[in-house]
Amino acid sequence: MDEDLFDSNALTDRRFLTSVTRRFSFEAAHQLPWHTGKCAKLHGHSYLLDVTVSGPLTSDGIVTDFSDLKAAVTKHVLDEYDHAHLNDFLSNPTAELIAADIANRLLEAGLTVTKVTVHETASCSATVRVVGPDQ
């Protein structure tokens, strides 16, 4: 096996696009008045949130420090989302639009976010991938 592949200097000289993902959780309530089923009623979820940032490796061999990612997501997302009624700030808080709102918040904060996944349940999630000039 080529040991140079694992040398951080060799990795930074190559053209890799590296991604890192950190998982978060928050509790929130919402309702979808247009929904014809039980989601029309006020209900809550224990959400899981996966935030992926991508970019070249720094000279330290990282895309971003996981603690910096945690601080940014806490400040720009979790401080408002956790234990909130999402309809108070999103007119139609579907999982898809929650993921898009979170991606926008983090992009505006300067993170190189490329993907946000919101898990409403263990078997249901929505993913937004950032494409275009803001990527």
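In case it helps, this note's numbering puts the sequence shown at residues 1 to 135.
In this text, a Cβ means the ideal position worked out from N, Cα and C, and glycines have one as well.
The structure displayed is predicted, hence computed values, not measured ones.
- Cβ-Cβ separation between Tyr47 and Glu120: approximately 6 Å, consistent with a contact (criterion under 8 Å).
- Boundaries of the alpha helix (DSSP H) harbouring Glu96: 95 to 108, taken from the DSSP string.
- Here Ala40 is exposed: its Cβ has fewer than 16 other Cβ atoms, across all protein chains shown, within 10 Å.
- Cβ neighbours of Thr114 within its own chain (closer than 8 Å, five residues either side excluded): Ser19, Thr52, Val53, Ser54, Arg129, Val130, Gln135.
- Apart from sequence neighbours up to five positions away, the residues of its chain that approach Asn87 with a beta-carbon distance below 7 Å are His30, Gln31, Pro93, ordered along the chain.
- Looking only at Thr21, Ala122, Ser125, Leu107, the smallest Cα-Cα distance to Val63 is reached by Thr21.
- In the three-state reduction of the DSSP assignment, His76 falls in the helix class, which pools H, G and I.
- No Cβ-Cβ contact shorter than 7 Å links Arg23 with Asp65.
- Residue pairing for His35: DSSP places it in no beta bridge.
- In the assembly as shown, Ala103 is a buried residue. Its beta-carbon has 16 or more other beta-carbons within 10 Å.
- Beta-bridge annotation (DSSP): Val51 is paired with Arg22, Val116.
- For Ser125, the three-state secondary structure derived from DSSP is strand.
- Beta-carbon to beta-carbon, Ala109 and His85 are separated by about 23 Å, too far to satisfy the 8 Å threshold.
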